[in-house]
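Trainee: Can you read through this structure? Questions will come right after.
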Amino acid sequence: MSPVPTSQLAHLDELLLRNDDTAAVSFARQLQEEGLLLGFGQGRQLPKRIYSLEELRLNQIDAAKLLSPKDKSLDLIRSTGQAAAVAGLAALALATDLDGGRVLGAAFALVAALTLDQ
Numbered sequence: 438m439s440p441v442p443t444s445q446l447a448h449l450d451e452l453l454l455r456n457d458d459t460a461a462v463s464f465a466r467q468l469q470e471e472g473l474l475l476g477f478g479q480g481r482q483l484p485k486r487i488y489s490l491e492e493l494r495l496n497q498i499d500a501a502k503l504l505s506p507k508d509k510s511l512d513l514i515r516s517t518g519q520a521a522a523v524a525g526l527a528a529l530a531l532a533t534d535l536d537g538g539r540v541l542g543a544a545f546a547l548v549a550a551l552t553l554d555q
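Numbered per the working numbering, the sequence shown spans residues 438 to 555.
Right, here's the structure in full:
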């Protein structure tokens, strides 16, 4: 039982840093076959199971953290687009001297279009 040479561990670290999981696992298996990584892949594999809310609470696990994250990447784009649409309506009303009824109708159409986006 000889220790793993530092250069091989550095190479394994480099593969992991590059997110090349397939190559890293392959290299680790090669080291295991050579008798250098004795513990790799030796852990007991447990099947997945569904935990109840009571079990999560008992183990003090916040169930909300297990859910998929909320995607907020389009919120800024949507709000910017809405502000641009309102500014465009205001500019149109000022530039063309629309009467109040037409501005109100255009505002209702704009609100309907913006709510359909949601």
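We put the beta carbon where it would ideally sit given N, CA and C, even for glycine.
For LEU495, does the count of other Cβ atoms within 10 angstroms reach 16, so buried, or fall short, so exposed?
Mentor: As a working note, residue 495 is residue 58 in the sequence shown. Exposed, because fewer than 16 other Cβ atoms sit within 10 Å of the Cβ of LEU495.
Trainee: Whose CA, out of ARG515, ASP536, ALA521 and LEU541, lies closest to the CA of LEU553?
Mentor: Walking along the sequence shown from the start, residue 553 turns up at place 116. When ARG515, ASP536, ALA521 and LEU541 are compared, the shortest CA-CA separation from LEU553 is found for ARG515.
Trainee: Within the chosen definition, does the stretch 500-510 reach the stretch 539-554 through at least 3 CB pairs nearer than 8 Å?
Mentor: No: fewer than three Cβ pairs fall under 8 Å.
Trainee: Taking the Cβ atom as the reference point for each residue, do LEU453 and ALA447 lie within a distance shorter than 7 Å?
Mentor: Within the sequence shown, the letter at position 16 stands for residue 453. Within the sequence shown, the letter at position 10 stands for residue 447. Contact: no.
Trainee: Mind checking LEU504: buried by the 16 CB within 10 Å criterion, or exposed?
Mentor: Position 67 of the sequence shown holds residue 504. Looking at its Cβ environment, which holds fewer than 16 other Cβ atoms inside 10 Å, LEU504 is exposed.
Trainee: Going by C-alpha to C-alpha distance, which of GLY537, GLU451, LEU468 and ALA500 sits closest to ILE487?
Mentor: Numbered from 1 along the sequence shown, position 50 holds the residue referred to as residue 487. Ranking the options by Cα distance to ILE487, first place goes to ALA500.
Trainee: Evaluate LEU468 with the Cβ neighbour count: other Cβ atoms within 10 Å of its Cβ, from every protein chain shown; 16 or more gives buried, anything less gives exposed.
Mentor: Here residue 468 refers to the residue found at position 31 of the sequence shown. The residue is buried, with at least 16 neighbouring Cβ atoms inside 10 Å.
Trainee: Since ALA522 and LEU551 are thought to touch, with beta carbons under 8 Å apart, how far apart are those beta carbons, to the nearest angstrom?
Mentor: Taking the sequence shown and counting its residues from 1, the one referred to as residue 522 is at position 85. Taking the sequence shown and counting its residues from 1, the one referred to as residue 551 is at position 114. Going by Cβ atoms, the distance from ALA522 to LEU551 rounds to 7 Å, so yes, they are a contact pair.
Trainee: For THR443 and SER463, I'd like the C-alpha separation in whole angstroms.
Mentor: Walking along the sequence shown from the start, residue 443 turns up at place 6. Walking along the sequence shown from the start, residue 463 turns up at place 26. Spanning the two alpha carbons is a distance of roughly 18 Å.
Trainee: If you draw a straight line from the C-alpha of LEU473 to the C-alpha of ILE498, how long is it?
Mentor: Counting from 1 along the sequence shown, the entry for residue 473 is found at position 36. Counting from 1 along the sequence shown, the entry for residue 498 is found at position 61. Their backbone Cα atoms lie some 37 Å apart in a straight line.
Trainee: Could you have a look at LEU504 and say whether DSSP puts it in helix, strand or coil?
Mentor: Here residue 504 refers to the residue found at position 67 when the sequence shown is read from its first residue. Correct three-state label for LEU504: coil.
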